[in-house]
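The structure under discussion appears below in the form of structure tokens.
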């Protein structure tokens, strides 16, 4: 959406897979995201938050299973975004979002599966809402365009 609808050049980095921390000085607009696994940000993604983002438009998001649950969304936002970013005062996001997530059944710990999720469909646990992701991408496109 940011590339197609707003004309921004978009570079994607899979920080957890590649273990390469990109040089943020090359960018004006930066979107940082992490999945939440066992209640924590990915190590490389959180490490990236240590960068100097002076004069950058930074947006931050997380994907966490219970962030997609209406009753738990605000708590997920507070715990996984607000509290984490308190440790990195140089990160001043123009926008933050907590989205639902997906846990494939194969990644669910056996004991948890046996106790609580035995009757789940084969895909496991999925609280994603791609429409909310697209809406946020448009919000970011408009925010980034203004600067």
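Residue numbers (our numbering): 203 to 349. Where is the CB? At the ideal position from N, CA and C, for every residue including glycine.
Using CA coordinates, which residue listed in the options is at the minimum distance from residue i?
i, options, result
"residue 258", "205, 239, 274 and 234", "234"
"residue 330", "219, 264, 214 and 213", "264"
"residue 294", "276, 232, 260 and 274", "260"
"residue 223", "254, 286 and 279", "254"
"residue 242", "348, 267 and 228", "267"
CB-CB under 6 Å to residue i, same chain, minus the five flanking residues each way: which ones, in chain order?
i, result
"residue 247", "217 and 236"
"residue 251", "290 and 293"
State the DSSP-derived secondary structure class of residue i, mapped to helix, strand or coil.
i, result
"residue 242", "strand"
"residue 270", "helix"
"residue 343", "helix"
"residue 231", "strand"
"residue 255", "coil"
"residue 322", "Model confidence at residue 322 stands at a pLDDT of 46, short of 50, so the residue's coordinates are unreliable; what they give is reported in the following sentence. It is coil, neither helix nor strand."
"residue 294", "coil"
"residue 210", "coil"
According to DSSP, what are the bridge partners of residue i?
i, result
"residue 304", "328"
"residue 299", "263"
"residue 236", "264"
Among the residues of its own chain, which have a CB less than 8 Å from the CB of residue i, if the five just before and after it don't count?
i, result
"residue 343", "203, 204, 207, 208 and 210"
Residues in the same chain with beta-carbon distance under 7 Å from residue i, minus the five sequence neighbours each way, listed in chain order, please.
i, result
"residue 339", "203 and 204"
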